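Mapped onto full-length UniProt numbering, the consecutive letters of the sequence shown carry residue numbers 1 to 131.
Structure, as structure tokens:
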Amino acid sequence: MPHWSQNWVNIEDNPLIAAQLDYNCDTEQTQAQTQIQQLNNDQQAAFLRITESVEKDLGHIFFLDGPGGMGKTFIYNTLCNQVRSEGWIVLCVASSGIAALLMPGGRTAHSQFKIPIDGLTEESVLYNKGV
Numbered sequence: 001m002p003h004w005s006q007n008w009v010n011i012e013d014n015p016l017i018a019a020q021l022d023y024n025c026d027t028e029q030t031q032a033q034t035q036i037q038q039l040n041n042d043q044q045a046a047f048l049r050i051t052e053s054v055e056k057d058l059g060h061i062f063f064l065d066g067p068g069g070m071g072k073t074f075i076y077n078t079l080c081n082q083v084r085s086e087g088w089i090v091l092c093v094a095s096s097g098i099a100a101l102l103m104p105g106g107r108t109a110h111s112q113f114k115i116p117i118d119g120l121t122e123e124s125v126l127y128n129k130g131v
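Shown next as structure tokens:
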């Protein structure tokens with residue numbers, strides 16, 4: 001069986017962890033404080049419940065739902081900045097590239113977690129423009 005080429009336990013030797021910790025905590029805190037002041041009552045309630053779960057290591061899972069333009073991405077970004085300001089690793093992941101672009105350091109789930117995407121099938125490439 002092959003051996004690891006790196007010591008993945010040692011943070012300094014792990015480029016994946018190092019990249020996620022390469023944020024300026026002061027900058028993240030300033031950004032978070034600015035955003036927190038802009039939250040409406042519903043957003044603030046969600047923000048407080050989620051940050052409480054993070055701070056107390058409760059491991060709760062949250063799902064924000066609502067029509068476009070209601071501020072879900074704004075809450076995600078505020079949470080990201082707040083948690084990163086405390087020195088934690090935050091992976092901003094979305095199902096689409098456009099959604100991922102709206103989050104700081106955001107990536108698609110298949111890119112972040114190396115989820116394989118099936119290649120094109122024969123049916124998907126058999127398109128005759130002249131028909």
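Every residue, glycine too, gets a C-beta built ideally from N, C-alpha and C.
Just so it is clear, the structure is predicted and the values come from calculations on it, not from any experiment.
C-alpha distance - residue i paired with residue j, whole-angstrom precision
{"i": "P67", "j": "P116", "result": "30 Å"}
{"i": "L91", "j": "L39", "result": "22 Å"}
{"i": "D65", "j": "G59", "result": "19 Å"}
{"i": "D57", "j": "I75", "result": "19 Å"}
{"i": "E28", "j": "T51", "result": "15 Å"}
{"i": "S53", "j": "D118", "result": "36 Å"}
{"i": "A109", "j": "M103", "result": "13 Å"}
{"i": "A94", "j": "K114", "result": "13 Å"}
{"i": "P15", "j": "T34", "result": "30 Å"}
{"i": "Q82", "j": "S111", "result": "24 Å"}
{"i": "N41", "j": "D13", "result": "43 Å"}
Per-residue burial, residue i [other beta carbons within 10 Å of its own, 16 or more giving buried]
{"i": "G106", "result": "buried"}
{"i": "I89", "result": "exposed"}
{"i": "A32", "result": "buried"}
{"i": "C80", "result": "buried"}
{"i": "I85", "result": "Going by the sequence as given, residue 85 is Ser instead of Ile. It counts as buried."}
Distance between beta carbons of residue j and residue i, contact taken as under 8 Å
{"i": "T78", "j": "I36", "result": "6 Å"}
Bridge partners - residue i, DSSP secondary structure assignment
{"i": "T108", "result": "A94"}
Query - the region 39 to 50 in contact with the region 93 to 105 per 3-pair CB rule at 8 Å - result: With the cut-off at 8 Å, the region 39 to 50 and the region 93 to 105 do not touch.
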